[in-house]
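Written out below as structure tokens is the structure these notes cover.
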Amino acid sequence: TLMAVSKSTLSIVFIVLGGLAVLFGTVLVFVGPIIIDDQIVKNVEINPNNGLSYTMWKDIPVPFFMSVYFFHIVNPDEILKGEKPTVVQRGPYVYRENRWKDNITFHDNHTVSYKEFRQYFFEESMSVGDESDVVTIPNILVLGASVMMENMPFPVRLLLSTTFKTFNEGPFLTKPVGELMWGYDSKLVDFLNKYLPGMLPTSGKFGLFAEFNNSNTGQFTVFTGQDDIRKVHMVDSWNGLKSVDYWRSEECNMINGTAGQMWPPFMTKESTMPFYSPDACRSMELVYQRPGVSRGVPVYHFVAPKTLFANGADYPPNEGFCPCRQSGLLNVSTCRHNSPVFISHPHFFEADPVLLDTVNGLSPNEDEHGLFIDIHPETGVPMNVSIRLQLNLLIKSVFGISENIFHLSQSGYIDGPVLNTFRTSLVVLPMVMEYMQYIFIALGLAGILGAVMLYVNDKVHGLLRLFSMFEYFTYNIFCFRACMFVHEKDISISHTRGQHQLFIYGYSKTEITV
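All residue numbers in the sequence shown are consecutive under the working numbering, ending with 757.
Given below as structure tokens:
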């Protein structure tokens with residue numbers, strides 16, 4: 244009886260606990276995603292009260308690197324005679340890029356304004372070569388000015404040509420990488436700034452990145468997401484502008500997307516990644532390609548569509564970026580002081596094949612020259628970024644084509660303590676919560692099943708005991724009735740070895756020892 248009571252009690256306990264576990268797991272199935280999403284929203288929105296996430300947004304602890312590759316011209320004299328340029332890629336020359344936000348101001352309409360500053364430091368250990376390496380590239384001053392002044396009166400062009408010869412400036416420039424990057428003294432630059440002020444973008448040393456170091460990307464005003472998380476990081480204005488005026492159509496002048504560092508959370512495979520690039524003077528948009536994993540974090544791999552730098556003939560929406568040349572080149576002269584500068588993917592990747600025929604030494608491929616961002620879709624945080632662009636200069640007086648000068652890759656990735664914190668807070672914990680709901684349901688069902696089996700087992704044993712008692716009772720009744728009908732003549736007693744044996748003959752022969 245005690246065993247039966249114990250089993251019954253145990254069955255009830257198992258059923259109650261199992262039911263509670265199933266109920267809790269089922270609740271987690273519906274409530275868990277809400278809790279996770281709420282946690283993501285709190286960590287993603289731009290809010291000074293969110294200590295860790297706000298500090299990461301403000302000071303950007305993620306390491307960024309700018310890798311610069313120069314196209315060294317090996318046949319400058321032959322080019323002047325009409326031969327095709329032959330180039331050799333030199334580099335990368337890698338610079339660590341420090342970024343931080345300053346002049347941060349929050350507004351009542353759930354936006355925040357800031358300026359992002361940047362500094363560059365040469366990383367010799369990551370570079371192939373040194374800043375003292377000497378390379379030959381097109382002379383942007385001479386060739387750019389020649390194209391810019393082609394429609395000027397002949398006396399002006401003659402004066403310009405005489406000026407170039409006076410200062411010993413030719414169509415090509417041979418300088419150390421460090422000077423080409425950050426500036427070099429030029430008597431021609433000093434002369435132009437003195438007699439033609441405003442013609443050049445710089446008043447000091449002339450260099451490809453002279454204005455980049457210790458500079459900012461302009462004043463961005465973005466949404467904080469505190470009223471609508473779907474708008475977080477989206478640009479409200481840039482330098483006070485809702486659109487720019489560099490291009491020929493309203494669509495091309497629009498400032499779309501984010502500032503290019505983070506995107507709204509809860510992305511899907513149908514999502515795109517729009518962003519505004521002050522350096523390219525336009526908005527761009529990346530598209531989903533495939534899922535992946537970056538340092539243990541599930542990501543979506545977004546890439547530039549083939550239409551990004553297509554010309555208006557191949558892709559009509561890009562007509563506003565014209566005057567266009569071959570597909571694969573974006574004319575940015577209107578936002579670069581009218582200098583004949585074009586940007587493209589490195590090595591004319593995904594550009595018109597005609598461009599490859601104009602230069603010897605190029606070999607485009609997606610792994611080395613494709614632009615991509617690996618992003619964690621639930622949070623909108625990029626885990627691995629590689630923005631690769633190439634600067635090209637139009638040499639109209641020689642070929643009427645674009646001569647590539649250099650290409651650069653800006654890359655960044657989350658690593659170290661930042662990665663561990665991110666993975667724990669926004670990947671591991673939500674994953675544990677998701678698994679817990681199924682574990683509770685499984686344990687609950689197992690408990691209920693165990694209780695049922697225990698109950699059935701107890702009932703079966705009870706029936707077996709009842710059947711045994713019934714069989715025993717029936718057997719005894721049968722024996723009693725058999726003995727009642729035994730006659731004396733049917734009983735014999737024999738003496739064997741001091742024992743008395745009684746033989747009863749009736750319905751069956753039964754031997755009983757007495």
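A virtual CB, placed ideally from N, CA and C, is assigned to each residue, including glycine.
| When we look at the beta-carbon of A547 and count the other beta-carbons within 10 Å, is it buried (16 or more) or exposed? | Position 304 of the sequence shown, counting from 1, holds the residue named residue 547. Result: buried.
| Short Cβ contact (7 Å threshold) for G768 with W425 | One cannot answer for residue 768 here, as it falls past the ends of the chain, which runs 244 to 757.
| query | Thinking C-alpha only, which one of Q462, N554, L323 is nearest L485? | reply | Here the question's residue 485 lines up with position 242 in the sequence shown. As written in the sequence, residue 485 is Lys, which differs from the Leu given in the question. Ranking the options by Cα distance to K485, first place goes to Q462.
| request: Please classify N341: does DSSP put it in a helix, a strand, or coil? | output: By 1-based counting over the sequence shown, the position of residue 341 is 98. Strand.
| field | Beta-bridge partners of S537, as assigned by DSSP | value | Within the sequence shown, numbered from 1, the residue matching residue 537 stands at position 294. Residue pairing of S537 in beta bridges, as defined by DSSP: V540.
| Counted within 10 angstroms of its Cβ, other Cβ atoms place K344 as buried (16 or more) or exposed | Indexing the sequence shown from 1 puts residue 344 at position 101. That one is buried.
| First and last residue of the uninterrupted beta strand (DSSP E) at D610 | The residue labelled residue 610 in the question sits at position 367 within the sequence shown. Run containing D610: none in the beta strand (DSSP E); it sits in the alpha helix (DSSP H), 609-612.
| What do you reckon, are the CB atoms on P673 and R631 nearer than 7 Å? | Start at 1 with the first residue of the sequence shown, and residue 673 comes out as number 430. Start at 1 with the first residue of the sequence shown, and residue 631 comes out as number 388. R631 sits away from P673, with the two beta carbons spaced by 7 Å or more.
| task | Take V317 as the anchor and find which of K324, T329, G468 has the nearest alpha-carbon. | result | The count along the sequence shown starts at 1 and reaches residue 317 at position 74. The shortest Cα separation from V317 among K324, T329, G468 belongs to T329.
| Which stretch, first to last residue, makes up the beta strand (DSSP E) that contains S404? | On the sequence shown, position 161 is the one that residue 404 refers to. Counting along the chain, S404 falls outside any beta strand (DSSP E), though it belongs to the alpha helix (DSSP H) covering 397-409.
| Bridge-paired residues (DSSP) for H619 | Residue mapping note: residue 619 aligns to position 376 of the sequence shown, counting from 1. Note: H619 sits in a beta bridge opposite V624.
| said: Below 8 Å on the Cβ atoms is my contact criterion, and I expect F415 with P319 to pass it. Report the Cβ-Cβ distance as a whole number of Å. | reply: Your numbering for residue 415 matches position 172 in the sequence shown. Your numbering for residue 319 matches position 76 in the sequence shown. Correct: roughly 4 Å between the Cβ atoms.
| message | Measuring straight from C-alpha to C-alpha, what distance separates V378 and D557? | response | As a first step, residue 378 must be located in the sequence shown, where it is residue number 135. As a first step, residue 557 must be located in the sequence shown, where it is residue number 314. The straight-line gap separating the alpha-carbon atoms of V378 and D557 is approximately 36 Å.
| query | Got a sec, what are the start and stop residues for the alpha helix (DSSP H) N459 sits in? | reply | Reading the sequence shown from its first residue, position 216 is the one you call residue 459. Per DSSP, N459 belongs to no alpha helix (DSSP H); it is in the beta strand (DSSP E), 458-466.
| Host alpha helix (DSSP H) of L599 (start-end) | Position 356 of the sequence shown, counting from 1, holds the residue named residue 599. First-last of the alpha helix (DSSP H) with L599: 596-599.
| S356 bridges to which residues according to DSSP? | As a working mapping, residue 356 is identified with position 113 in the sequence shown. Its beta-bridge partners are T348, T464.
| field | F434 - containing alpha helix (DSSP H), residue span | value | Working through the sequence shown from its first residue, we reach residue 434 at position 191. Bounds of the alpha helix (DSSP H) holding F434 are 430-438.
| query | Taking L636 as the reference, which of E677, V584, V602, V628 has the closest Cα? | reply | Locating residue 636 in the sequence shown gives position 393, where the first residue counts as 1. Out of E677, V584, V602, V628, V584 has the C-alpha closest to the C-alpha of L636.
| Contacting residues, own chain, Cβ-Cβ under 7 Å from Q362 (five flanking each side not counted) | Taking the first residue of the sequence shown as position 1, residue 362 is located at position 119. Here the set comprises N341, N456, N457.
| message | Just to confirm, is the Cβ distance from V475 to A502 under 7 Å? | response | By one-based count along the sequence shown, residue 475 stands at place 232. By one-based count along the sequence shown, residue 502 stands at place 259. Cβ distance not < 7 Å, so V475 and A502 don't count as in contact.
| query | Does the beta-carbon distance from H612 to D470 come in below 7 Å? | reply | Position 369 of the sequence shown, counting from 1, holds the residue named residue 612. Position 227 of the sequence shown, counting from 1, holds the residue named residue 470. Cβ atoms of H612 and D470: not closer than 7 Å.
| query | Just checking, does the segment 526-535 make contact with the segment 553-567 on the three C-beta pairs under 8 Å criterion? | reply | The segment 526-535 is not in contact with the segment 553-567.
| task | Taking 7 Å as the cut-off, decide whether the C-beta atoms of V331 and D376 are in contact. | result | Residue numbering aside, residue 331 sits at position 88 when the sequence shown is read from its first letter. Residue numbering aside, residue 376 sits at position 133 when the sequence shown is read from its first letter. No. Outside cutoff.
| request: Indicate the three-state DSSP secondary structure (helix, strand or coil) for V729 in the structure shown. | output: Position 486 of the sequence shown holds residue 729. Reliability of the predicted coordinates at V729 is poor, the pLDDT of 49 falling under 50, and the value obtained from them is presented with this limitation in mind. DSSP, reduced to helix, strand and coil, places V729 outside both helices and strands of the structure shown, so it counts as coil.
| query | What three-state label does DSSP hand G334 in the structure shown? | reply | Indexing the sequence shown from 1 puts residue 334 at position 91. It is a strand residue.
| request: Count the C-beta pairs between the segment 593-608 and the segment 566-580 that are closer than 8 Å, then say yes if the count reaches three, no if not. | output: They touch, by the three-pair rule.
| request: Kindly list the residues whose CB is nearer than 7 Å to the CB of D433, restricted to its own chain and excluding five residues on each side of it in sequence; keep chain order. | output: Residue mapping note: residue 433 aligns to position 190 of the sequence shown, counting from 1. For D433, there are no CB contacts under 7 Å within the same chain when 5 residues up- and downstream are skipped.
| field | Rounded distance between the beta-carbons of F518 and G500, thought under 8 Å | value | Looking up residue 500 in the sequence shown gives position 257. Looking up residue 518 in the sequence shown gives position 275. With a Cβ gap of about 4 Å, G500 and F518 count as contacting.
| Can you check whether the CB of F313 is closer than 7 Å to the CB of N339? | Position 96 of the sequence shown, counted from the start, is the residue given in the question as residue 339. Position 70 of the sequence shown, counted from the start, is the residue given in the question as residue 313. Checking the displayed sequence, the identity of residue 339 turns out to be Arg instead of Asn. No. Outside cutoff.
| request: Report yes if the CB atom of Y489 is closer than 7 Å to the CB atom of C567, and no otherwise. | output: Translated into the one-based positions of the sequence shown, residue 489 becomes position 246. Translated into the one-based positions of the sequence shown, residue 567 becomes position 324. Between Y489 and C567, the C-beta gap is not smaller than 7 Å, which leaves the two residues out of contact.
| field | Helix, strand or coil at N318 [DSSP, three-state] | value | Start at 1 with the first residue of the sequence shown, and residue 318 comes out as number 75. Correct three-state label for N318: coil.
| field | Best match in M505, E326, S537 for proximity to N663 [C-alpha to C-alpha] | value | Taking the sequence shown and counting its residues from 1, one reaches residue 663 at position 420. Of the listed residues, the one whose Cα sits closest to N663 is S537.
| task | Figure out for me which residue from C524, G563, L614, P541 has the closest Cα to the Cα of G623. | result | For the purposes of this step, residue 623 is identified with residue 380 of the sequence shown, where counting begins at 1. Nearest to G623 by C-alpha distance, out of C524, G563, L614, P541, is P541.
| task | Spatial neighbours of K448 within its chain, please: CB distance less than 7 Å, with the 5 preceding and 5 following residues excluded, ordered by chain position. | result | Numbered from 1 along the sequence shown, position 205 holds the residue referred to as residue 448. Cβ neighbours of K448 within its own chain (closer than 7 Å, five residues either side excluded): G426, Y427, D428.
| query | Secondary structure at D280, three-state DSSP: helix, strand or coil? | reply | As a working mapping, residue 280 is identified with position 37 in the sequence shown. Helix at D280.
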